[in-house]
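Each remark here refers to the structure printed beneath this line.
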Amino acid sequence: MAGLRRITVTLFLAAAVVAVPARGHAAIKVRKPVLLAPETSRPRPAVRPRKGKDVFIGTVIFSRGGPVVAEIPGGAKPREWMVVFGQGMRRVGKAVIERELDKGVYLLKPAGRFSVSPGDRLARESEREAAARVIRTNRIPAYLEFLGFFPKSKYRARIAREVFRLKMKESYPTFPGTTLEGRLRLAETVDRDLPLGQVLIKLDRFVIARTDDTGRFRIEGIPKLPVAVKLNLDIKDPRFQKAREVKVEIPADSFAEIQADIPIRVTPTVLVGEVRDERGAPLAGMEVWTSPYTMEVLSDEAGAFRISRRKVLTPKEGEPADRPLFGGDYEVFAYRKGYSVGRARVSAESYRENRVPPIRVERIDLVGEPVPDLDLDLAQHLTLGPAEVVPQGAGPRLNP
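The opening residue of the sequence shown carries number 92 in our numbering; numbering runs sequentially from there.
Below, the structure written as C-alpha coordinates:
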(Lines of atoms letter the chains of each structure in order from A and count residues from 1; the text may use other names and numbers.)
(Lines give C-alpha, C1' and ligand atoms only; values in the text may rest on other atoms or scores of the structure.)
Protein backbone atom coordinates (compact mmCIF):
# COMPACT_ATOMS: atom_id res chain seq x y z
CA MET A 1 0.00 0.00 0.00
CA ALA A 2 2.83 2.40 0.85
CA GLY A 3 4.32 1.82 -2.60
CA LEU A 4 0.92 2.41 -4.24
CA ARG A 5 0.53 5.69 -2.30
CA ARG A 6 3.95 6.94 -3.40
CA ILE A 7 3.07 6.15 -7.04
CA THR A 8 -0.29 7.94 -6.70
CA VAL A 9 1.28 11.07 -5.16
CA THR A 10 3.94 11.07 -7.87
CA LEU A 11 1.25 11.01 -10.58
CA PHE A 12 -0.55 13.93 -8.93
CA LEU A 13 2.68 15.92 -8.69
CA ALA A 14 3.33 15.31 -12.37
CA ALA A 15 -0.23 16.39 -13.19
CA ALA A 16 0.25 19.57 -11.13
CA VAL A 17 3.42 20.49 -13.01
CA VAL A 18 1.66 19.96 -16.37
CA ALA A 19 -1.41 21.91 -15.31
CA VAL A 20 0.62 24.91 -14.13
CA PRO A 21 3.55 25.55 -16.48
CA ALA A 22 6.76 26.58 -14.73
CA ARG A 23 9.11 29.35 -15.76
CA GLY A 24 12.38 27.65 -16.66
CA HIS A 25 13.62 24.30 -15.49
CA ALA A 26 15.60 25.11 -12.36
CA ALA A 27 16.44 22.14 -10.15
CA ILE A 28 14.31 21.67 -7.04
CA LYS A 29 16.23 22.71 -3.93
CA VAL A 30 15.47 20.93 -0.68
CA ARG A 31 16.09 22.83 2.54
CA LYS A 32 15.35 22.36 6.22
CA PRO A 33 11.67 22.30 7.28
CA VAL A 34 10.05 25.71 7.52
CA LEU A 35 6.66 26.81 8.75
CA LEU A 36 3.52 27.91 6.93
CA ALA A 37 0.63 29.63 8.65
CA PRO A 38 -2.72 30.79 7.28
CA GLU A 39 -3.58 34.41 7.84
CA THR A 40 -6.92 36.12 8.32
CA SER A 41 -5.81 39.59 7.26
CA ARG A 42 -6.49 39.13 3.52
CA PRO A 43 -9.46 41.27 2.40
CA ARG A 44 -12.70 39.24 2.18
CA PRO A 45 -11.32 35.68 1.96
CA ALA A 46 -13.65 33.22 0.28
CA VAL A 47 -13.34 30.78 3.20
CA ARG A 48 -12.88 32.12 6.72
CA PRO A 49 -9.67 30.61 8.17
CA ARG A 50 -10.25 28.22 11.01
CA LYS A 51 -8.51 28.76 14.33
CA GLY A 52 -7.02 25.53 15.60
CA LYS A 53 -5.04 24.57 18.66
CA ASP A 54 -1.93 23.82 16.61
CA VAL A 55 -0.15 26.61 14.76
CA PHE A 56 1.36 24.55 11.94
CA ILE A 57 -1.01 22.23 10.09
CA GLY A 58 0.88 21.32 6.89
CA THR A 59 4.19 20.90 5.10
CA VAL A 60 5.26 21.76 1.54
CA ILE A 61 6.35 18.58 -0.26
CA PHE A 62 6.86 19.98 -3.77
CA SER A 63 7.51 23.38 -5.31
CA ARG A 64 8.65 24.36 -8.78
CA GLY A 65 8.16 27.96 -9.82
CA GLY A 66 4.41 28.55 -9.56
CA PRO A 67 2.70 25.40 -8.23
CA VAL A 68 3.02 24.32 -4.61
CA VAL A 69 1.96 20.92 -3.33
CA ALA A 70 1.54 20.50 0.42
CA GLU A 71 0.45 17.78 2.77
CA ILE A 72 -2.25 18.91 5.22
CA PRO A 73 -3.28 15.86 7.29
CA GLY A 74 -6.19 17.63 8.95
CA GLY A 75 -7.66 18.77 5.65
CA ALA A 76 -8.37 22.18 4.10
CA LYS A 77 -11.02 23.82 1.96
CA PRO A 78 -10.68 25.29 -1.55
CA ARG A 79 -9.83 29.00 -1.53
CA GLU A 80 -8.65 28.88 2.09
CA TRP A 81 -5.60 31.03 2.79
CA MET A 82 -2.42 29.74 4.38
CA VAL A 83 0.63 31.55 5.75
CA VAL A 84 3.99 30.10 4.65
CA PHE A 85 6.97 29.94 7.03
CA GLY A 86 10.50 29.20 5.84
CA GLN A 87 13.77 28.45 7.59
CA GLY A 88 14.18 29.91 11.07
CA MET A 89 10.38 30.30 11.40
CA ARG A 90 10.53 33.25 9.02
CA ARG A 91 7.23 34.22 7.39
CA VAL A 92 7.75 34.21 3.61
CA GLY A 93 4.26 34.80 2.22
CA LYS A 94 0.74 33.49 1.70
CA ALA A 95 -0.81 30.87 -0.56
CA VAL A 96 -4.38 29.85 -1.37
CA ILE A 97 -5.74 26.29 -1.58
CA GLU A 98 -6.80 25.53 -5.18
CA ARG A 99 -7.88 21.90 -4.98
CA GLU A 100 -7.26 18.56 -3.30
CA LEU A 101 -5.02 16.21 -5.27
CA ASP A 102 -5.22 13.21 -2.99
CA LYS A 103 -6.41 12.60 0.54
CA GLY A 104 -4.52 15.15 2.63
CA VAL A 105 -2.51 16.42 -0.37
CA TYR A 106 -3.37 19.84 -1.85
CA LEU A 107 -2.35 22.09 -4.71
CA LEU A 108 -1.75 25.72 -3.63
CA LYS A 109 -1.17 28.91 -5.55
CA PRO A 110 1.25 31.47 -3.98
CA ALA A 111 -0.11 35.01 -3.59
CA GLY A 112 2.62 37.17 -5.11
CA ARG A 113 6.21 36.30 -5.91
CA PHE A 114 8.19 34.57 -3.20
CA SER A 115 10.31 31.46 -2.94
CA VAL A 116 8.71 28.30 -1.50
CA SER A 117 10.78 25.19 -0.83
CA PRO A 118 10.00 21.64 0.24
CA GLY A 119 9.91 21.49 4.02
CA ASP A 120 8.32 24.91 4.43
CA ARG A 121 5.43 24.82 6.87
CA LEU A 122 1.80 25.97 6.63
CA ALA A 123 -0.48 27.38 9.34
CA ARG A 124 -3.86 29.01 9.69
CA GLU A 125 -2.42 31.80 11.80
CA SER A 126 0.40 34.28 11.42
CA GLU A 127 2.90 34.62 14.23
CA ARG A 128 1.13 37.78 15.42
CA GLU A 129 -2.25 36.06 15.43
CA ALA A 130 -0.88 33.03 17.25
CA ALA A 131 0.70 35.28 19.88
CA ALA A 132 -2.58 37.14 20.37
CA ARG A 133 -4.43 33.82 20.73
CA VAL A 134 -2.13 32.36 23.37
CA ILE A 135 -2.13 35.64 25.32
CA ARG A 136 -5.94 35.55 25.34
CA THR A 137 -5.81 31.89 26.39
CA ASN A 138 -3.34 32.80 29.17
CA ARG A 139 -2.25 29.26 29.97
CA ILE A 140 1.33 28.10 30.46
CA PRO A 141 1.04 25.10 28.07
CA ALA A 142 -0.20 27.44 25.30
CA TYR A 143 2.69 29.83 25.91
CA LEU A 144 5.24 27.02 25.83
CA GLU A 145 3.72 25.58 22.64
CA PHE A 146 4.03 28.99 20.98
CA LEU A 147 7.68 29.36 22.05
CA GLY A 148 8.35 25.88 20.71
CA PHE A 149 7.02 26.96 17.30
CA PHE A 150 8.65 30.41 17.35
CA PRO A 151 11.80 30.22 19.53
CA LYS A 152 13.07 33.57 18.23
CA SER A 153 9.72 35.35 18.18
CA LYS A 154 9.63 39.10 18.76
CA TYR A 155 6.87 38.34 21.29
CA ARG A 156 9.12 36.06 23.35
CA ALA A 157 9.90 38.61 26.08
CA ARG A 158 6.21 39.43 26.55
CA ILE A 159 5.21 35.76 26.69
CA ALA A 160 8.05 34.90 29.10
CA ARG A 161 6.77 37.62 31.46
CA GLU A 162 3.26 36.17 31.29
CA VAL A 163 4.61 32.71 32.14
CA PHE A 164 6.43 34.22 35.14
CA ARG A 165 3.25 35.91 36.38
CA LEU A 166 1.22 32.70 36.11
CA LYS A 167 3.89 30.74 37.99
CA MET A 168 3.96 33.40 40.71
CA LYS A 169 0.18 33.18 41.09
CA GLU A 170 0.36 29.40 41.31
CA SER A 171 3.22 28.82 43.72
CA TYR A 172 4.81 31.93 45.25
CA PRO A 173 6.58 31.66 47.61
CA THR A 174 8.13 28.25 47.17
CA PHE A 175 11.12 26.81 49.00
CA PRO A 176 13.66 26.11 47.80
CA GLY A 177 13.39 28.86 45.22
CA THR A 178 15.32 31.59 43.47
CA THR A 179 16.56 34.40 45.74
CA LEU A 180 17.15 37.98 44.66
CA GLU A 181 19.31 40.24 46.82
CA GLY A 182 19.99 43.87 45.99
CA ARG A 183 20.89 47.28 47.29
CA LEU A 184 20.25 50.90 46.52
CA ARG A 185 23.08 53.40 46.18
CA LEU A 186 23.08 57.11 45.48
CA ALA A 187 24.64 57.83 42.10
CA GLU A 188 25.28 61.51 42.90
CA THR A 189 26.57 63.72 45.70
CA VAL A 190 23.95 65.49 47.81
CA ASP A 191 24.08 68.10 50.59
CA ARG A 192 22.03 66.22 53.16
CA ASP A 193 21.70 62.77 54.64
CA LEU A 194 19.02 60.84 52.76
CA PRO A 195 17.98 57.60 54.47
CA LEU A 196 17.60 54.66 52.09
CA GLY A 197 15.38 52.56 54.36
CA GLN A 198 11.72 51.69 53.70
CA VAL A 199 12.03 52.26 49.94
CA LEU A 200 9.50 50.14 48.01
CA ILE A 201 11.05 47.75 45.46
CA LYS A 202 8.95 46.04 42.77
CA LEU A 203 10.00 43.04 40.70
CA ASP A 204 7.83 43.16 37.58
CA ARG A 205 4.37 43.97 38.93
CA PHE A 206 4.03 41.11 41.40
CA VAL A 207 6.72 40.99 44.06
CA ILE A 208 7.17 43.83 46.52
CA ALA A 209 9.96 44.31 49.05
CA ARG A 210 11.23 47.13 51.25
CA THR A 211 14.79 48.15 51.90
CA ASP A 212 16.39 48.11 55.34
CA ASP A 213 18.24 51.07 56.83
CA THR A 214 21.28 50.37 54.64
CA GLY A 215 19.27 50.27 51.40
CA ARG A 216 19.39 46.48 51.04
CA PHE A 217 16.48 44.20 50.17
CA ARG A 218 15.86 40.48 49.67
CA ILE A 219 13.20 38.57 47.72
CA GLU A 220 12.95 34.81 48.31
CA GLY A 221 10.86 31.92 47.09
CA ILE A 222 10.63 32.64 43.36
CA PRO A 223 9.47 29.33 41.82
CA LYS A 224 11.32 27.42 39.10
CA LEU A 225 10.33 28.72 35.65
CA PRO A 226 9.98 26.74 32.40
CA VAL A 227 11.47 29.64 30.41
CA ALA A 228 14.12 32.25 31.20
CA VAL A 229 12.76 35.76 31.73
CA LYS A 230 14.17 39.27 32.11
CA LEU A 231 12.29 41.50 34.53
CA ASN A 232 12.47 45.16 35.52
CA LEU A 233 13.40 46.22 39.02
CA ASP A 234 11.60 49.44 39.93
CA ILE A 235 11.61 51.73 42.94
CA LYS A 236 8.49 53.45 44.21
CA ASP A 237 9.53 56.40 46.36
CA PRO A 238 8.84 60.08 45.68
CA ARG A 239 12.37 61.00 46.80
CA PHE A 240 14.25 58.84 44.30
CA GLN A 241 14.35 57.77 40.67
CA LYS A 242 16.49 55.15 38.90
CA ALA A 243 19.69 56.45 37.39
CA ARG A 244 19.37 53.80 34.65
CA GLU A 245 17.16 50.85 33.77
CA VAL A 246 17.85 47.78 35.89
CA LYS A 247 16.86 44.30 34.72
CA VAL A 248 17.38 40.92 36.36
CA GLU A 249 17.33 37.60 34.51
CA ILE A 250 15.78 34.55 36.15
CA PRO A 251 17.04 31.35 34.47
CA ALA A 252 14.87 28.48 33.25
CA ASP A 253 14.52 25.11 35.02
CA SER A 254 16.82 26.00 37.92
CA PHE A 255 17.12 28.01 41.11
CA ALA A 256 19.58 30.87 41.38
CA GLU A 257 21.10 33.42 43.74
CA ILE A 258 20.77 36.76 41.93
CA GLN A 259 22.51 40.00 42.93
CA ALA A 260 21.18 43.39 41.84
CA ASP A 261 22.61 46.89 42.15
CA ILE A 262 20.26 49.86 41.69
CA PRO A 263 21.91 53.28 41.26
CA ILE A 264 19.44 56.04 42.11
CA ARG A 265 19.24 59.81 41.83
CA VAL A 266 17.32 62.32 43.85
CA THR A 267 14.00 63.32 42.36
CA PRO A 268 14.60 66.89 41.14
CA THR A 269 13.34 69.85 43.11
CA VAL A 270 12.61 72.42 40.43
CA LEU A 271 11.86 76.14 40.48
CA VAL A 272 9.94 77.20 37.37
CA GLY A 273 8.72 80.64 36.37
CA GLU A 274 8.84 83.35 33.76
CA VAL A 275 10.25 86.87 33.30
CA ARG A 276 8.15 89.64 31.72
CA ASP A 277 8.53 93.35 31.12
CA GLU A 278 6.23 96.11 32.39
CA ARG A 279 3.83 95.47 29.45
CA GLY A 280 3.64 91.73 30.15
CA ALA A 281 5.78 90.67 27.17
CA PRO A 282 8.11 87.70 27.77
CA LEU A 283 11.83 88.45 27.95
CA ALA A 284 14.43 86.05 26.62
CA GLY A 285 18.06 85.94 27.73
CA MET A 286 17.46 87.19 31.28
CA GLU A 287 19.93 85.91 33.88
CA VAL A 288 18.00 84.20 36.64
CA TRP A 289 19.42 83.01 39.98
CA THR A 290 18.35 82.65 43.59
CA SER A 291 19.35 83.41 47.14
CA PRO A 292 20.37 81.04 48.70
CA TYR A 293 22.64 80.88 45.70
CA THR A 294 21.86 78.37 42.92
CA MET A 295 23.02 77.82 39.36
CA GLU A 296 22.34 80.71 36.98
CA VAL A 297 20.11 80.07 33.99
CA LEU A 298 18.85 82.10 31.05
CA SER A 299 15.18 82.60 30.26
CA ASP A 300 14.05 81.15 26.91
CA GLU A 301 12.07 82.78 24.08
CA ALA A 302 8.89 82.55 26.14
CA GLY A 303 10.61 84.15 29.13
CA ALA A 304 10.49 80.83 31.01
CA PHE A 305 13.20 79.40 33.24
CA ARG A 306 13.87 76.22 35.26
CA ILE A 307 16.35 75.88 38.14
CA SER A 308 17.08 72.47 39.66
CA ARG A 309 20.77 72.54 40.68
CA ARG A 310 22.84 74.33 43.32
CA LYS A 311 26.35 75.55 42.59
CA VAL A 312 29.30 74.41 44.74
CA LEU A 313 31.92 77.12 45.02
CA THR A 314 34.88 74.82 45.74
CA PRO A 315 34.00 71.22 44.88
CA LYS A 316 36.23 68.43 46.08
CA GLU A 317 38.41 66.68 43.55
CA GLY A 318 36.38 64.31 41.44
CA GLU A 319 33.04 65.76 42.53
CA PRO A 320 30.72 67.81 40.26
CA ALA A 321 30.51 71.56 40.66
CA ASP A 322 26.77 71.41 41.23
CA ARG A 323 24.37 69.35 43.33
CA PRO A 324 20.64 68.71 43.48
CA LEU A 325 18.44 71.51 44.76
CA PHE A 326 16.21 70.88 47.78
CA GLY A 327 13.18 72.66 49.14
CA GLY A 328 13.34 75.88 51.16
CA ASP A 329 12.58 79.59 51.03
CA TYR A 330 14.13 81.22 47.99
CA GLU A 331 14.27 84.74 46.60
CA VAL A 332 14.54 84.58 42.81
CA PHE A 333 16.24 87.38 40.85
CA ALA A 334 16.22 88.26 37.16
CA TYR A 335 18.51 90.76 35.47
CA ARG A 336 19.91 91.80 32.10
CA LYS A 337 21.78 94.90 31.10
CA GLY A 338 19.31 97.61 30.20
CA TYR A 339 16.67 96.34 32.67
CA SER A 340 15.96 96.77 36.34
CA VAL A 341 16.39 93.87 38.74
CA GLY A 342 13.22 91.80 39.17
CA ARG A 343 12.59 89.51 42.11
CA ALA A 344 10.05 87.11 43.54
CA ARG A 345 9.81 84.84 46.59
CA VAL A 346 8.84 81.18 46.75
CA SER A 347 8.62 78.52 49.48
CA ALA A 348 9.69 75.42 47.58
CA GLU A 349 8.89 71.81 48.51
CA SER A 350 11.46 69.09 47.88
CA TYR A 351 11.09 66.46 45.11
CA ARG A 352 8.53 68.38 43.06
CA GLU A 353 8.10 71.26 40.63
CA ASN A 354 7.48 74.61 42.34
CA ARG A 355 5.93 77.57 40.55
CA VAL A 356 7.63 80.94 41.10
CA PRO A 357 5.38 84.03 40.85
CA PRO A 358 5.96 85.97 37.60
CA ILE A 359 9.03 88.22 37.76
CA ARG A 360 8.52 91.76 36.39
CA VAL A 361 11.37 93.99 35.20
CA GLU A 362 11.43 97.48 33.69
CA ARG A 363 13.42 98.74 30.75
CA ILE A 364 16.26 101.16 31.70
CA ASP A 365 18.13 102.44 28.65
CA LEU A 366 21.26 103.76 30.34
CA VAL A 367 24.56 103.76 28.50
CA GLY A 368 27.23 101.87 30.40
CA GLU A 369 24.83 100.92 33.15
CA PRO A 370 26.73 99.06 35.93
CA VAL A 371 25.61 95.79 37.45
CA PRO A 372 23.12 96.87 40.15
CA ASP A 373 23.89 96.36 43.82
CA LEU A 374 21.83 93.34 44.84
CA ASP A 375 22.47 93.89 48.54
CA LEU A 376 23.28 90.19 49.05
CA ASP A 377 25.90 88.63 51.27
CA LEU A 378 26.86 85.59 49.20
CA ALA A 379 29.20 84.38 51.95
CA GLN A 380 26.14 83.40 53.97
CA HIS A 381 24.93 81.05 51.23
CA LEU A 382 28.12 79.43 49.97
CA THR A 383 30.24 76.75 51.61
CA LEU A 384 33.67 78.40 51.81
CA GLY A 385 37.02 76.98 52.79
CA PRO A 386 39.01 78.60 55.59
CA ALA A 387 41.18 80.63 53.19
CA GLU A 388 38.45 81.69 50.81
CA VAL A 389 37.14 85.23 50.64
CA VAL A 390 34.23 86.53 48.60
CA PRO A 391 35.44 89.75 46.95
CA GLN A 392 33.40 92.89 47.46
CA GLY A 393 30.90 93.46 44.66
CA ALA A 394 30.92 89.81 43.62
CA GLY A 395 27.71 88.84 41.93
CA PRO A 396 26.27 85.99 39.90
CA ARG A 397 27.92 85.14 36.64
CA LEU A 398 26.83 82.59 34.07
CA ASN A 399 28.85 79.39 34.06
CA PRO A 400 31.14 79.12 30.98
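Ideal Cβ positions, reconstructed from N, Cα and C, are used throughout, including at glycine.
Proximity winner among the options, relative to residue i (alpha-carbon distances)
{"i": "residue 232", "options": "439, 366, 336, 318", "result": "318"}
{"i": "residue 421", "options": "327, 411, 362, 185", "result": "362"}
{"i": "residue 454", "options": "399, 374, 411, 175", "result": "374"}
{"i": "residue 337", "options": "346, 345, 326, 331", "result": "326"}
{"i": "residue 335", "options": "365, 353, 328", "result": "353"}
{"i": "residue 229", "options": "242, 255, 245", "result": "255"}
{"i": "residue 429", "options": "388, 392, 377, 391", "result": "377"}
{"i": "residue 201", "options": "238, 367, 156", "result": "156"}
{"i": "residue 387", "options": "315, 416, 245, 406", "result": "416"}
{"i": "residue 282", "options": "346, 414, 175", "result": "414"}
{"i": "residue 355", "options": "369, 341, 331, 364", "result": "331"}
{"i": "residue 391", "options": "446, 367, 403, 237", "result": "367"}
{"i": "residue 305", "options": "188, 208, 250, 274", "result": "274"}
{"i": "residue 212", "options": "251, 170, 253, 152", "result": "152"}
{"i": "residue 168", "options": "199, 177, 289", "result": "199"}
{"i": "residue 315", "options": "174, 259, 241", "result": "259"}
{"i": "residue 218", "options": "382, 240, 358, 333", "result": "240"}
N- and C-terminal bounds of the beta strand (DSSP E) containing residue i
{"i": "residue 241", "result": "Per DSSP, residue 241 belongs to no beta strand (DSSP E) and is neither H nor E."}
{"i": "residue 81", "result": "Given that the chain is displayed from residue 92 to residue 491, the structure contains no residue 81 and the question cannot be resolved."}
{"i": "residue 153", "result": "147-154"}
{"i": "residue 365", "result": "361-367"}
{"i": "residue 562", "result": "Given a span of 92 to 491 for the chain in the structure shown, any question on residue 562 remains unanswerable."}
{"i": "residue 339", "result": "338-341"}
{"i": "residue 410", "result": "Segment: none, residue 410 is in no beta strand (DSSP E) and carries neither H nor E."}
{"i": "residue 349", "result": "348-357"}
{"i": "residue 423", "result": "419-426"}
{"i": "residue 324", "result": "320-327"}
{"i": "residue 161", "result": "159-162"}
{"i": "residue 335", "result": "Here residue 335 belongs to no beta strand (DSSP E), and DSSP marks it neither H nor E."}
{"i": "residue 199", "result": "196-202"}
{"i": "residue 401", "result": "400-402"}
Three-state class that DSSP yields for residue i in the structure shown
{"i": "residue 287", "result": "coil"}
{"i": "residue 312", "result": "strand"}
{"i": "residue 180", "result": "helix"}
{"i": "residue 455", "result": "coil"}
{"i": "residue 442", "result": "coil"}
{"i": "residue 387", "result": "coil"}
{"i": "residue 171", "result": "coil"}
{"i": "residue 191", "result": "strand"}
{"i": "residue 297", "result": "coil"}
{"i": "residue 127", "result": "Bear in mind that the predicted position of residue 127 carries a pLDDT of just 30, short of 50, making it unreliable; the figure below should be weighed with that in mind. Note: residue 127 maps to coil in three-state DSSP."}
{"i": "residue 392", "result": "coil"}
{"i": "residue 165", "result": "coil"}
{"i": "residue 306", "result": "coil"}
{"i": "residue 429", "result": "coil"}
{"i": "residue 447", "result": "coil"}
{"i": "residue 434", "result": "strand"}
{"i": "residue 509", "result": "With the chain covering 92 to 491 only, the question about residue 509 has no answer from this structure."}
{"i": "residue 186", "result": "strand"}
{"i": "residue 375", "result": "coil"}
{"i": "residue 292", "result": "strand"}
heavy atom of the ligand GDP below 8 Å from residue i C-beta
{"i": "residue 414", "result": "With respect to the ligand GDP, the structure offers nothing, as it holds no ligand at all."}
Margin query: Which runs of the alpha helix (DSSP H) at least 4 residues long sit entirely within the segment 204-281? Give them in chain order.
Written below: 218-228, 231-240, 247-262
Checklist line | Sufficient close CB pairs (3 or more, under 8 Å) joining the segment 293-310 to the segment 213-231 | finding: no
Notebook entry, point to check: Are there three or more Cβ pairs, one per stretch, closer than 8 Å when the segment 277-287 is compared with the segment 181-192?
Noted result: no
Margin query: For the pair the segment 430-442 and the segment 389-405, tell me if three or more CB-CB distances fall below 8 Å.
Written below: no
Note to self: So, does the segment 295-312 touch the segment 259-270, judging by three or more C-beta pairs under 8 Å?
What the structure shows: yes
Next item on the list: Assess, as a yes-or-no matter, whether the segment 296-305 is touched by the segment 259-268 under the definition of 3 or more beta carbon pairs within less than 8 Å.
Entry: yes
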